[in-house]
Each structure stands twice: as C-alpha cells, then as structure tokens.
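Residues 8 to 449 (the working numbering) are what the first sequence spells out, left to right. Heads up, the thing below is written out as structure tokens.
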Amino acid sequence: MRLSRYFLPIMRETPKEAEIVSHRLMLRAGMIRQEAAGIYTWLPLGLRVLNKINAIVREEQNRAGAIELLMPVIQSADLWRESGRYEAYGKEMLRIRDRHERDMLFGPTNEEMITGIFRAYVRSYKDLPLNLYHIQWKFRDEVRPRFGVMRSREFLMKDAYSFDIDAAAARHSYNKMFTAYLRTFARLGLKAIPMRADTGPIGGDLSHEFIILASTGESAVFCHRDFTGMAAPDEAIDFDDRAAMRGVFDQWTGLYAATEEMHDKAAFEALPEADRVSARGIEVGHIFNFGTKYSDAMKAVVNGPDGKEVAVQMGSYGIGPTRLAAAIIEAGHDEAGIVWPDSVAPFDAGIANLKAGDKAVDAACEELYTRLGNAGMDVLYDDRDERPGAKFAAMDLIGLPHQIIVGPKGLAGGTVELKNRRTGQRENLTPDAAVNKLTARA
RNA sequence: CGGGGUAUAGCGCAGUCUGGUAGCGCGUCUGCUUUGGGAGCAGAAGGCCGCAGGUUCGAAUCCUGCUACCCCGACCA
8 MRLSRYFLPI MRETPKEAEI VSHRLMLRAG MIRQEAAGIY TWLPLGLRVL
58 NKINAIVREE QNRAGAIELL MPVIQSADLW RESGRYEAYG KEMLRIRDRH
108 ERDMLFGPTN EEMITGIFRA YVRSYKDLPL NLYHIQWKFR DEVRPRFGVM
158 RSREFLMKDA YSFDIDAAAA RHSYNKMFTA YLRTFARLGL KAIPMRADTG
208 PIGGDLSHEF IILASTGESA VFCHRDFTGM AAPDEAIDFD DRAAMRGVFD
258 QWTGLYAATE EMHDKAAFEA LPEADRVSAR GIEVGHIFNF GTKYSDAMKA
308 VVNGPDGKEV AVQMGSYGIG PTRLAAAIIE AGHDEAGIVW PDSVAPFDAG
358 IANLKAGDKA VDAACEELYT RLGNAGMDVL YDDRDERPGA KFAAMDLIGL
408 PHQIIVGPKG LAGGTVELKN RRTGQRENLT PDAAVNKLTA RA
C-alpha cells in the first residue's frame, strides 16, 4: 500500500477524551473514531489489526475442533423469555421494537440462540461433541463505557458454545478451549494468565478469566510469579487427547491466581514473598462450563445410547477481539507510539522514502516495494513528499515492526537501513540483503 | 445509577466574570526555499460559538430548559 493513496488520518495531538495509552494511540494512529459513547468506527488501519486478531482467533478455534457459523446481531425476545433472561438481564440489554411492535433486542451474547439452533437439528448423542462459534458484534449498554474500545458498548466477540453428552465430556471440551485460549493469546504476543472467576449472569460452576497484566488494567489481580515464565502448548498438541488437555489445565491452574473478587488473601500470603505478584489486569477472555442451565430451560436434549433423552451439557467461551487490540497496545508501546507484535501488525513492514522525488531514492524504494510484495509481504510504502522526521514519527506511531529507511546518504554507499521497531536496532544493508532478511522471517 | 466537569475551525485551546458580531497553536490549501527524527518564509481557505427559547438596540458572553460527551465511584466480554 502506498501511503499517498491510503486513508490514514494520524493526529499529532491527542483528543482530550482519551485517558489511557491504548485509547490515545489508537486515536492518534488513525485506527478508530468515536461515533457515540462506547461506539466506534474501525478505520482502515484499525480494521487491519482487528482482522489479523480475528484470523488468529479463528485458526486456534478451528484447531481445537470448533466450527464457525454466523448468528445475527438482532434477536427475538421470545428466545430470551424461554431461558428467563429477558427479564433477568437488566438494562445492559438494549431492547428494541420493530415496526410490528415485536420485542427484539441487540444481542449481548448468544446462549439462547445457539441452544435454539442446537435443539432444532441435533437429536443423538452420536452427533456430540459439538462446538459452534462465531465472531459477531455484541451490544451491552454499559452504564459507563470508557477507555476507548477497551470497555465499549458495541464490541466484537468470538463466542463459542460446546455441547456434550455428559459432565466428563463437557470437562474435556472446557479443557480444549482452555488450551486454545492459551495458544491464541501467546500468538498475539500476550502473556495471559487463567484465573478462577465468578460466573455472573451466565451461570454455572466452573469458570476462568484470562487476564493479561498491565498497569492500566481495570481489576486488581494476584498470582504466582512462575506464570510469567510459562510457555503455552505448541501446535503439535493433540486436542483429542483427554489426558494431554487435562495436563495443560492442571499445569496452568496449579498455581495461585485470582481476581479481586475471588482473592483468598490467606492462600496468597502463604506463598513466599518473592513469588507473589500483585498487579492490575485486563480480562481478554472468559470461559464457562454451565452444565444444563440453558438446555434444561430450553429443552435441548439428545437421545443417549440407552435411548433415553438427556439434557446436553454446555459451556461458553468468549474472547473480545476489539478489546484485545487495545490490550495488545497496553502491553506494547513506548513514547513514540505503538509497538505491534509481528502477528497482528497492520503491515508486515514499512518503507520510508526520505527524499521523494529523488530519482535514485524513488527507484530503490519502488524496487523494494515490488520485491517484498512479490514475496508475499504486506508493505506500507511512505511515498509522501514529507520531511524525514515526519515519516519516522508516523512509522513509529503506527508501530510497524520492521522499517526500511531509504535515503540518499545510505544509497550513495549502496545501503538502506533496516530498523527493528521493538528493539530500536538499526543496520545498514544492501537492498538485497534487506529483502532477504525480511522475507526470511516469514 | 450517585457525584463532578466540559461543549468555540479537523485536533488542542483562549475569549464568557465585565454583552458590541470570534482569535491563537497545530493541521489543511498555494508558491518559493528546504529534506536522516514532526522545517522556514509569504499568502489563503475553513466557524448556525452543542440545541431550543428568553432578556436586550445588540448574545459565544446574561437567564431558562434540553442534549451530547468526559472524569471519579458502584457494576461489567
């Protein structure tokens, strides 16, 4: 993409409403635009990041055996009356009425709808286990939306729903999602720590929140220091291996970790002082095993091997990609701007033409741009007629992980500069070497 | 939902107390000079001063009502 033809409204000054760093940087980098309290447009640069996050979430859901579908944002109130949540959900649910005076709502979550889908088609235990998910907009009419897309009213959520014949099978489904989440967050460059959580209005008895540590986190969290050194399972792990899944779960839940609501002060203080981590955390995922709460209420039953009908065991599993975009920035930024992990960077690399209009520099940039593009890289080429300082600032602000800086001084000696945004390390290389080095990474 | 605040050009702000028809910085446009960490000079465009009503010869400014947004707290993917 040539920057001169792209739509990237970056700002030098920070709009005053932005309090936390991710919100400020998302606005300044031209990723989002506020349309109303807690409601945002995702501008082109932000959308690229969001799409990359979604792709990783999707890959890991699929790897764990979940199957994607797409449910609507607008739902009928009738389904919610069946489960009893139409009354129970409260003012967070945005209720609307259509032209025929029918009660509708903007979905805050989809347990009812997925249960309706399940019971319409699945009759036999032989069709289990089943895990269906979608990535869809949700609306929760928060009393006080804040922190940009971190706590917005409209937000994107990946929500998966598992259906199993019995509690043991449901437990395995839970462990699979647990493992998939660890892998997902690791691929997004985040260190997420599972913490036992309250189940709230979703219901059930087993639940974990995945929390990343960040000073701007909304809740206080407490955990064992060893979590910071733990590595997520690699892609060779077998999701159908019950013992392996249980092993991952046990490993990641064996140490103390709790949010403020679930905090056990005595247990925490029993740890050696050096092992205690007391910090702020951002919730980026939440999983629930709630048994037959919805299947009972909505009669989602299957015939078991013995011919008798049983209510299916269910679980639900949520990740907020829009919140994740902000959380990744909270975890990766410096004074100059965002520092994206390669996996979610809006572009794989940037080329800064320090003297647009200079024949040699233009030609060198064009060649680099073409060659990297042919190698399958997504490159942002800053071909604008701007001063070098403005280009450096823009590249750093939007956080491109790898930048090739091309100017007359270097070219005179046959080199360009390759800069690593994260480490700040720069090296002078021939254009060939720079292309090879960048493409070798993929 | 309680408490506090703000609303003036794309962004950040001054002007409001003390009424006289709107200004600064950044950004944008034109031209020239510049070009390795957000350039300089010259010129230009851009504003129902949140909305509605009132007071007044005259309202960004005073009065009344409304709306939107932000912050602190309680609640939440």
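Where is the CB? At the ideal position from N, CA and C, for every residue including glycine. Because the structure is a prediction, the values reported are computed rather than measured.
Sequence-distant residues of the same chain with beta carbon closer than 7 angstroms to residue i, five excluded per side
| i | result |
| --- | --- |
| residue 147 | 99, 115, 160 |
| residue 275 | 229, 263, 283 |
Residues near residue i in its chain [Cβ-Cβ closer than 6 angstroms; skip 5 each side]
| i | result |
| --- | --- |
| residue 327 | 162, 164 |
| residue 123 | 86 |
| residue 395 | 361 |
| residue 268 | 205 |
| residue 264 | 200, 202, 230 |
| residue 289 | 219, 221, 224, 334 |
| residue 349 | 408 |
| residue 92 | none |
| residue 213 | 296 |
| residue 292 | 188, 217, 326 |
| residue 53 | 38, 39 |
| residue 67 | 187, 190, 191 |
Exposed unless 16 or more other CB atoms sit within 10 angstroms - verdict on residue i
| i | result |
| --- | --- |
| residue 77 | exposed |
| residue 302 | buried |
| residue 166 | buried |
| residue 281 | exposed |
| residue 434 | exposed |
| residue 43 | exposed |
| residue 428 | buried |
| residue 298 | buried |
| residue 144 | exposed |
Anticipated Cβ contact below 8 angstroms, residue i with residue j, distance rounded
| i | j | result |
| --- | --- | --- |
| residue 358 | residue 442 | Not confirmed; about 11 angstroms, so no contact. |
| residue 37 | residue 15 | 5 angstroms |
| residue 229 | residue 285 | 5 angstroms |
| residue 343 | residue 389 | The pair is not a contact, with the Cβ atoms about 15 angstroms apart (cut-off 8 angstroms). |
| residue 22 | residue 32 | Actually they do not touch by this definition, with Cβ atoms about 12 angstroms apart. |
| residue 306 | residue 126 | 6 angstroms |
| residue 113 | residue 80 | 6 angstroms |
| residue 266 | residue 226 | 6 angstroms |
Contacting residues, own chain, Cβ-Cβ under 8 angstroms from residue i (five flanking each side not counted)
| i | result |
| --- | --- |
| residue 384 | 355, 356, 445, 446, 449 |
| residue 368 | 360, 361, 362, 413, 414, 415, 418 |
| residue 172 | 132, 135, 136, 309, 311, 317, 319, 320 |
| residue 104 | 110, 111 |
| residue 255 | 182, 185, 186, 189, 240, 244 |
Bridge partners - residue i, DSSP secondary structure assignment
| i | result |
| --- | --- |
| residue 286 | 228 |
| residue 49 | 39 |
| residue 360 | 413 |
| residue 324 | 167, 294 |
| residue 82 | 112 |
| residue 143 | 164 |
Beta-carbon proximity check, residue i vs residue j, cutoff 8 angstroms
| i | j | result |
| --- | --- | --- |
| residue 196 | residue 287 | no |
| residue 177 | residue 311 | no |
| residue 304 | residue 89 | yes |
| residue 194 | residue 240 | no |
| residue 157 | residue 294 | no |
| residue 140 | residue 73 | yes |
| residue 28 | residue 270 | no |
| residue 60 | residue 338 | no |
| residue 246 | residue 252 | yes |
| residue 118 | residue 168 | yes |
Proximity test, residue i beta-carbon vs the ligand FMN heavy atom, cut-off 7 angstroms
| i | result |
| --- | --- |
| residue 81 | Questions concerning the ligand FMN fall outside what the structure shown contains, since it holds no ligand whatsoever. |
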